[in-house]
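Be aware that the sequence shown starts at 1, since it is given in this note's numbering, and climbs by one per residue.
Glycine included, C-beta positions come from ideal geometry on N, C-alpha and C.
All remarks here apply to the structure that follows.
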Amino acid sequence: MTTETRELETITVERCDGVVTITLRRPEKKNAVTDQMWDELLVEFRFIAESSSDRAVILTGAGGNFCSGVDLWAGKADGQDPKHQLAYMRTMSGICMSLHRLPQPTVAKVRGVAVGAGLNMALGCDLVVADDTARFSEIFARRGLSIDFGGSWVLPRLIGMHRAKELALLAEIIGVEEAAAMGLVNRVLPADELDAFVDDWARRLASGPPIALAMTKRLLNNSFNVTLEEALDDEGLSQSVNVHTKDTVEAVTAFVEKREPVFHGR
Numbered sequence: 001m002t003t004e005t006r007e008l009e010t011i012t013v014e015r016c017d018g019v020v021t022i023t024l025r026r027p028e029k030k031n032a033v034t035d036q037m038w039d040e041l042l043v044e045f046r047f048i049a050e051s052s053s054d055r056a057v058i059l060t061g062a063g064g065n066f067c068s069g070v071d072l073w074a075g076k077a078d079g080q081d082p083k084h085q086l087a088y089m090r091t092m093s094g095i096c097m098s099l100h101r102l103p104q105p106t107v108a109k110v111r112g113v114a115v116g117a118g119l120n121m122a123l124g125c126d127l128v129v130a131d132d133t134a135r136f137s138e139i140f141a142r143r144g145l146s147i148d149f150g151g152s153w154v155l156p157r158l159i160g161m162h163r164a165k166e167l168a169l170l171a172e173i174i175g176v177e178e179a180a181a182m183g184l185v186n187r188v189l190p191a192d193e194l195d196a197f198v199d200d201w202a203r204r205l206a207s208g209p210p211i212a213l214a215m216t217k218r219l220l221n222n223s224f225n226v227t228l229e230e231a232l233d234d235e236g237l238s239q240s241v242n243v244h245t246k247d248t249v250e251a252v253t254a255f256v257e258k259r260e261p262v263f264h265g266r
């Protein structure tokens with residue numbers, strides 16, 4: 001097992017056996033996002049998207065919280081000249097798209113608060129696993145803001161329009177059990193079991209067939225935007241690619257030989 005860790009100004013990136021763990025690291029601010037953190041996340045997401053050795057991604061936060069959203073005061077207190085809001089939102093939109101477009105499976109590991117853009121960052125991952133301390137909120141209305149970081153798109157698709165409006169318009173903070181009942185969370189674990197559970201899922205994802213998983217992820221992400229006929233055509237094209245990969249040959253061979261397959265993404 002080889003582990004490589006890099007500490008940037010606001011995030012830590014750890015790589016171990018195909019699993020990339022990105023930890024938001026401003027615990028004194030409950031990992032509220034600054035311009036610097038956005039920039040570091042964007043660079044990392046773009047690198048991962050092009051990497052053949054990165055096979056699964058865990059996104060989490062330091063200090064017992066996931067992310068409290070955007071730090072609205074960052075840069076103002078120290079006299080920095082902030083970006084125009086439209087330019088800032090374009091930057092945020094680019095990061096949101098980079099997260100959603102990652103071909104690798106992504107898992108949000110949530111402790112404590114996940115609110116505002118922090119919640120929608122978690123929901124931008126393919127799977128969300130939380131411990132029993134987690135709390136969630138589309139808190140924007142409390143700040144005089146409208147929903148962002150893709151929340152207006154992903155939330156109705158996850159939980160339906162009326163539930164989405166309830167969360168976004170009332171901006172209430174909900175506990176993890178209610179979030180799970182709504183469909184915001186895949187699993188809820190006791191705090192001392194969260195790490196092991198997420199690590200197991202990430203290892204299983206990282207050992208899967210990269211090309212097939214990326215295509216499955218894309219098919220599911222596009223499913224609300226296409227007709228059944230278009231979805232079937234897309235499935236046919238994807239499967240035509242899969243059956244000509246060495247990974248499919250390996251899967252069949254491993255089945256015959258009664259062993260676990262070893263996939264390489266080619």
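Closest residue to residue i among the options (Cα-Cα distance)
i, options, result
"L219", "H100, S207, G265", "H100"
"Q36", "D17, G18, T12", "T12"
"G116", "P105, K109, E172", "E172"
"S52", "T23, P209, L167", "P209"
"T245", "L184, G265, F197, G183", "G265"
"T91", "F47, T106, T34", "T34"
"G18", "N242, D71, P105, M89", "P105"
"W38", "T10, F47, A62, A108", "T10"
"V198", "D54, L59, D233", "L59"
"I139", "A164, T227, E230, E260", "A164"
"L170", "L145, A108, D71", "L145"
Exposure label - residue i; buried when at least 16 CB within 10 Å
i, result
"N31", "buried"
"E320", "Look at the range of the chain in this structure, 1 to 266, and you will see that residue 320 is not part of it."
"Q85", "exposed"
"V128", "buried"
"S68", "buried"
"M215", "buried"
"G183", "exposed"
Beta carbon of residue i nearer than 9 Å to that of residue j
i, j, result
"R111", "N65", "yes"
"L205", "L194", "no"
"A141", "V176", "no"
"A202", "A49", "no"
"T3", "E14", "yes"
"F263", "D247", "yes"
"T23", "A62", "yes"
"A231", "N222", "yes"
Delimiting residues of the beta strand (DSSP E) encompassing residue i
i, result
"C96", "Note, C96: premise wrong, no beta strand (DSSP E); alpha helix (DSSP H) at 85-101."
"V128", "127-131"
"I48", "It is not in any beta strand (DSSP E) - I48 instead sits in the alpha helix (DSSP H) that spans 35-49."
"G61", "56-61"
"I22", "19-24"
"V113", "113-115"
"K109", "106-110"
Start-to-end residues for the alpha helix (DSSP H) that takes in residue i
i, result
"E250", "246-257"
"A206", "194-206"
"I139", "Unbroken run through I139: none, as it is neither H nor E."
"L237", "228-242"
- prompt: Is the stretch 187-200 in contact with the stretch 38-48, if contact means three or more CB pairs nearer than 8 Å?
  reply: no
message: I'd like to know if the stretch 119-132 and the stretch 141-161 are in contact, where contact means that at least 3 CB-CB pairs between them fall below 8 Å.
response: yes
query: How about the stretch 128-136 and the stretch 90-100: do they share at least three Cβ pairs that are nearer than 8 Å?
result: no
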